[in-house]
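Notes to accompany the following structure.
Residue numbers (the UniProt record's numbering): 1 to 314.
In structure tokens:
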């Protein structure tokens with residue numbers, strides 16, 4: 001009786017499981033975000049703007065904890081009208097005796113909210129118009145771009161004032177007025193990028209394989225114009241905040257809420273300019289300037305990272 005020689009067992013090599021398409025997509029996104037952040041950190045001005053925005057956003061979010069919910073109350077004002085800065089009131093008081101520091105903190109909420117939402121609305125309209133105008137040729141593109149040109153030559157602030165004047169005074173009116181009057185620049189930029197993307201060979205191959213208009217615009221054009229849209233959004237936010245402050249200063253804002261532009265309007269009505277009460281005028285004006293500058297610095301840094309050929313100084 002013969003016995004078979006036992007063969008040594010060869011350990012099976014473990015083959016790594018293939019990642020799903022969704023996992024691969026998320027991995028690529030994480031790598032892209034990490035690469036973007038590495039490039040962004042090299043821009044000192046962009047980091048300064050980002051740090052300023054983070055601090056201001058945290059102050060706005062935690063306003064009830066920092067200054068209390070009654071800081072806007074006229075009936076429970078803790079000080080005397082138009083007091084100069086002191087230890088109790090670092091920025092003085094307004095004409096009702098309210099602490100201007102508390103009002104400045106609460107005003108950050110409205111100004112940032114209006115600026116962000118108005119910029120998102122403006123960029124969304126501009127992106128849709130720009131992509132469709134670049135994709136569909138012929139009469140549609142001609143008509144939509146002539147409308148865009150008309151909005152471009154008209155003063156944006158005048159259109160926003162006219163729209164805000166005929167509607168009820170509210171935050172949503174200001175957001176709508178800014179959003180529907182500031183989209184043409186984004187539409188022009190996105191249309192030019194769409195034309196450049198659709199001239200590439202893979203777009204023609206996608207159409208030859210049966211890809212429809214929605215597939216081409218949603219799967220090929222939109223991802224390629226998103227970096228431009230992101231950079232444009234950060235730049236539009238600063239303009240939206242300035243426009244909101246201007247409309248509030250002209251008395252077209254919501255009188256029931258506190259914003260930085262509204263504080264300037266209250267200071268003008270209270271005679272702070274003629275009385276020399278600089279503490280009533282300077283803080284909201286500086287806050288508007290700092291936020292607008294911070295968003296501009298972030299936008300320039302993002303634009304430089306996404307398009308290094310611009311050569312923006314760091």
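Backbone N, C-alpha and C fix where the C-beta goes; we use that ideal spot for every residue, glycine too. Values in this document were obtained by computation on a predicted structure and should not be read as measured data.
Query: 7 Å CB neighbourhood of residue 160 in its chain, flanking five on each side removed; Result: 177, 178, 181, 243 and 247
Query: Proximity to residue 272 [Cα-Cα], best of 28, 257 and 94; Result: 94
Query: Three-state secondary structure (DSSP) of residue 149; Result: helix
Query: Alpha-carbon spacing of residue 140 relative to residue 133, whole angstroms; Result: 7 Å
Query: Under the three-state DSSP convention, the category residue 181 falls into; Result: coil
Query: Closest Cα partner of residue 232 within the set 158, 184 and 57; Result: 184
Query: Cα-Cα separation, residue 174 to residue 72; Result: 21 Å
Query: Contact check, residue 301 vs residue 43, beta carbons under 8 Å; Result: yes
Query: Beta-carbon gap between residue 107 and residue 295 smaller than 8 Å; Result: no
Query: Residue burial classification, residue 263 (beta-carbon count within 10 angstroms, cutoff 16); Result: buried
Query: Alpha-carbon spacing of residue 187 relative to residue 128, whole angstroms; Result: 8 Å
Query: Backbone secondary structure at residue 254 - three-state DSSP; Result: coil
Query: C-beta atoms of residue 99 and residue 85 nearer than 8 Å; Result: no
Query: Three-state secondary structure (DSSP) of residue 302; Result: helix
Query: Beta-carbon contacts of residue 34 that lie in its chain and below 7 Å, excluding the five residues immediately before and after; Result: none
Query: DSSP-derived helix/strand/coil call for residue 93; Result: strand
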